[in-house]
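159 is the number that numbering that gives the first Met the number 0 gives to position 160 of the sequence shown; each next residue is one higher, with no gaps.
Using N, Cα and C, we set each Cβ at its ideal position, and we do this for glycine too.
Below is one structure, written out as structure tokens, with a few remarks after it.
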Amino acid sequence: MPRVSAPNRRISSPLRGPARLLRRPARTRSGARSVALSGPHAVELAGLLHELSVRLLGAESFAAALERLAALAAGAVPGTVRCSVTLIGEGGPLTCTAHGAGGERLDKLAYELSTGPGLDAARTRALTTVEDLSTDERWPQLAGPAREAGIHAVVAIPLDVPRAEVGGVCLYLDRTGALAPDLLITAMALVNHAEVLLGELRRRDQTSTDATVDRAVGVIIAQRGCGVREAYDVLGETAQRLGLDRRAVAERLVAAAAARNS
0 MPRVSAPNRR
10 ISSPLRGPAR
20 LLRRPARTRS
30 GARSVALSGP
40 HAVELAGLLH
50 ELSVRLLGAE
60 SFAAALERLA
70 ALAAGAVPGT
80 VRCSVTLIGE
90 GGPLTCTAHG
100 AGGERLDKLA
110 YELSTGPGLD
120 AARTRALTTV
130 EDLSTDERWP
140 QLAGPAREAG
150 IHAVVAIPLD
160 VPRAEVGGVC
170 LYLDRTGALA
180 PDLLITAMAL
190 VNHAEVLLGE
200 LRRRDQTSTD
210 ATVDRAVGVI
220 IAQRGCGVRE
230 AYDVLGETAQ
240 RLGLDRRAVA
250 ERLVAAAAAR
260 NS
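Next comes the structure, spelled out in structure tokens:
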């Protein structure tokens, strides 16, 4: 990670307001603003990571945690118009959420075409940066929607959730030349910390699922007088027949048994 010296002037915390600009905005030939933006001081970054921990671990579901990650990253990284979070599970559907109205059409087109900085970062497991998406030759299909949304610079960071999915966090910025080292470090620190937190949430979900399934298997054994293996098979076959996952069926069985016994 590159060493970045602390700036001489104080920059307001991203939790209290946007960071100040490091230099006056210039205009590119296309009319886009070109300005380097600064991320928070080290102490402020520590506070930001703490805030991320509180928000994600306090989320009522994994999906809600992803939404909170997108919202916090969009507000913490100066110049961000939209933050998109994408996860690709093994054989499962694409999971995506975002914060920020600008660039919604851009995201939709990228998912439809299965291309773009965010998906490339997820697939290659590498940081992907774009100085100006509206002119970048790697994704010509996205140039028009990017210009319409006023989106220029892009930072896309790989996101790995242990034992679950791979994906990426994509930050769309409203100016060119905005990829200052400390801004990149801020974005990478947020995503790297989020990986740990999301992995813990997945572990909790799995533990909760296992416990619920075990209780449901006990209900089936009590009702049918069958063995453990047969009870698991019954639960799996019922879930497949109903088009639900095992946990959903297990929760229904446990709830029905509790209602009968009350």
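A direct Cα-to-Cα measurement between Glu103 and Leu55 gives close to 23 Å. Per DSSP, reduced to three states, the secondary structure at Pro161 is coil, with no helix or strand assignment. Counting of Cβ neighbours within 10 angstroms places Ala152 among the buried residues, the total reaching 16 or more.
For Ser52, there is no enclosing beta strand (DSSP E); the residue is found in the alpha helix (DSSP H) stretching over Ala41 to Leu56.
Take Val216, set aside five residues on each side of it, and the residues of its chain with a beta-carbon closer than 7 Å to its own are Val227, Ala230, Tyr231 and Leu234, in chain order. Under the 10 Å beta carbon count, Ser113 is surrounded by fewer than 16 other beta carbons and is classified as exposed. Membership of Val216 in the alpha helix (DSSP H) is indicated by the continuous run Pro180 to Arg223. Looking only at Arg240, Tyr110 and Leu158, the smallest Cα-Cα distance to Gln140 is reached by Tyr110. In this structure, the CA atom of Gly78 is about 10 Å from the CA atom of Leu182. Under the Cβ criterion (8 Å, minimum of three pairs), the stretch 196–204 does not count as touching the stretch 129–147. Separation of the CB atoms of Val218 and Val253 is rounded to 6 Å, and the pair is thereby assigned contact status at 8 Å. Membership of Arg240 in any beta strand (DSSP E) is not indicated; the residue belongs instead to the alpha helix (DSSP H) covering Val227 to Leu241. In the DSSP assignment, Thr94 falls outside any alpha helix (DSSP H) and within the unbroken beta strand (DSSP E) covering Leu93 to His98. Here Gly99 is not near Val129, since their CB atoms are 7 Å or more apart.
Closest by C-alpha distance to Val154, out of Val165, Asn260, Ala121 and Ala221, is Ala121.
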